[in-house]
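Right, one structure below, let's go through it.
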Amino acid sequence: VVVEVDDFCHHEYPRLYGTLRLYCGDVWLAEELAQEALARAVRHWANVVRMDAPGAWVHRVAINLANSWFRRSAAERRALRRAPVRDSHEEPDNPTIIAVRQAVADLPARQREVVILRFFHDLPVRAAAERMDCAEGTVKGLLSDAIRSLRMRGLVVSDDD
Amino acid sequence: MTDFALLLKDAAGQPPRPLNMAAIRQRATTLGLRRRISLWTWAVLATLGIGGATGATLATIGHQPSDVRTIHGERDTPDGPVHPDRNSGSAVAFTPDNRSAPGGLSSTPVSSIVAVPRTHGPDTTTTTGASEYARAATCSVDTVGESVRTCRFTATAAGGWNMYFVDPVNGNFNSNAHAEVRVTRDGKTTTYKTHEEQWDPVDPADRRPAGCADNVVQPGDQVEVIVYAPAGDWLQNGQDSNRPDIGAGAGQDWGCTNGTHQ
Chain A
774 VVVEVDDFCH HEYPRLYGTL RLYCGDVWLA EELAQEALAR AVRHWANVVR
824 MDAPGAWVHR VAINLANSWF RRSAAERRAL RRAPVRDSHE EPDNPTIIAV
874 RQAVADLPAR QREVVILRFF HDLPVRAAAE RMDCAEGTVK GLLSDAIRSL
924 RMRGLVVSDD D
Chain B
6 MTDFALLLKD AAGQPPRPLN MAAIRQRATT LGLRRRISLW TWAVLATLGI
56 GGATGATLAT IGHQPSDVRT IHGERDTPDG PVHPDRNSGS AVAFTPDNRS
106 APGGLSSTPV SSIVAVPRTH GPDTTTTTGA SEYARAATCS VDTVGESVRT
156 CRFTATAAGG WNMYFVDPVN GNFNSNAHAE VRVTRDGKTT TYKTHEEQWD
206 PVDPADRRPA GCADNVVQPG DQVEVIVYAP AGDWLQNGQD SNRPDIGAGA
256 GQDWGCTNGT HQ
């Protein structure tokens, strides 16, 4: 199946944005990093289009970019740790949605990533392990810890996989 | 699908603005140009012998007394065993008296984006008479803004080590930088070193230093973290606003398992 780069970008953009929104906790940072990841896909399109899972690749690039961003500024990192989830984008969100974002943002990065893959991307454990380049057992362990933390925040989370 | 999954999808929301493909293409073009220019510059400098030091060369470079910054810049300690002098390239003899750094070091670990859970085998040597370093749970150094890149501590907690890199805002980077972590226990020093990894699966030229290990530091160990960055390396030549940097750390919460802990 020949995929055009424009179609690929338009298809992946909402999911990339959502992933980064949950991962970074910031609307504009998520938009910026999603576009940066797509720019890298465009740049390497001749190779990306031949991959088995171009979407997985651009997702990995996006997470790498997010990690890079966080590490760039130590001051920002400290501020992010102290402050609640930054969200300058005005939305009529209800308290539950805000609580979900905050709970996910407070998870350690690896747990946050596995929660996003499992519950936002709806990936089975095996696929999540492939995305994260780790063993299924590692994913299950991370997921178990994350679910425990989320439940302690009052969220009802179950994983039937 | 659980209720939580539905909630998470709501929490993720929708992009605030529609995707602008023209802007994406423009950005992709800029990425490519930056990459080509930087690689070409590096090749010219290396050919001319300007700042083309290799890792092997660096191993012989000494140090000058200088401050050491942690990643957070929270604690400065005097002196470092390896401090390539960018201006003169001179080597200054190591001074054992300077090894004792007063005060504790503290930093929160960040680590490799490609936290590879494997490391090349450590080297082991036997040393005697090492000075006691300041007691701390962890220490880390980076290359942001300064050329100093070493820290030492006497471990108060168990942990591992890791080296991380940070992308520039635009473009990729290659670097000849590398890191070492020396752990001295009962007079025996074990040295852990980074190796080179290909980072971008579609860009074979995009190679980066990487290395980590879990549980290599025990309380009471004397630990030294060193980041070597060749003079002329991108790490030092890039503009502050768009410069990659690398760093390494050891001790509590460092290692492969916690490789992406922020």
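If you're matching them up, the sequences are chains A and B in order. For the first sequence, the working numbering gives the first residue as 774, with consecutive numbering after it. For the second sequence, the working numbering gives the first residue as 6, with consecutive numbering after it. Even for Gly, the Cβ is constructed at its ideal location relative to N, Cα and C.
Check	Outcome
Have a look at R157/B, F9/B, H183/B, P21/B and flag the residue whose alpha-carbon is nearest the alpha-carbon of L802/A.	P21/B
If you draw a straight line from the alpha carbon of K198/B to that of G927/A, how long is it in whole angstroms?	44 Å
If we define contact as Cβ-Cβ less than 8 Å, is H832/A a contact residue for chain B?	no
Which residue comes first and which comes last in the alpha helix (DSSP H) that contains F781/A?	778-797
Beta-carbon separation of T155/B and A142/B under 8 Å?	no
What is the DSSP secondary structure of S145/B, reduced to helix, strand or coil?	strand
May I ask you to report which of helix, strand or coil DSSP gives N220/B?	strand
Given a threshold of 16 other Cβ atoms within 10 Å of its Cβ, counted over all protein chains shown, does L11/B qualify as buried or as exposed?	exposed
Can you tell me where the beta strand (DSSP E) with R190/B in it begins and where it stops?	183-190
C782/A touches chain B at which residues, Cβ-Cβ below 8 Å?	L24, M26, I29
CB-CB under 8 Å to A908/A, same chain, minus the five flanking residues each way: which ones, in chain order?	A902
Please list the terminal residues of the continuous beta strand (DSSP E) segment that includes V229/B.	Inspection of the sequence shows that residue 229/B is occupied by Glu rather than by Val. Taken as a continuous stretch (DSSP letters only), the beta strand (DSSP E) holding E229/B covers 227-233.
I want to verify the contact list: residues of chain B whose CB lies under 9 Å from the CB of G791/A, in sequence order.	L13, K14, A16, A17, G18, Q19, P20
Do L838/A and L806/A have their beta-carbon atoms positioned less than 8 Å apart in this structure?	yes
Which residues bound the alpha helix (DSSP H) around T911/A?	909-925
Is the shortest distance between the beta-carbon of M901/A and the beta-carbons of chain B less than 8 Å?	It should be noted that the sequence gives Ala, not Met, for residue 901/A. Output row for A901/A: interface = no.
Using only alpha-carbon positions, find the residue among L923/A, L890/A, D932/A, R874/A that is nearest to I945/A.	Outside the shown range of chain A, which is 774 to 934, sits residue 945/A, and nothing can be said about it.
With T199/B as the anchor, note down where its beta strand (DSSP E) starts and where it stops.	Per DSSP, T199/B belongs to no beta strand (DSSP E) and is neither H nor E.
Tell me which residue opens and which closes the beta strand (DSSP E) that F158/B is part of.	155-160
Using the Cα positions of A878/A and V834/A, report the straight-line distance between them to the nearest angstrom.	19 Å
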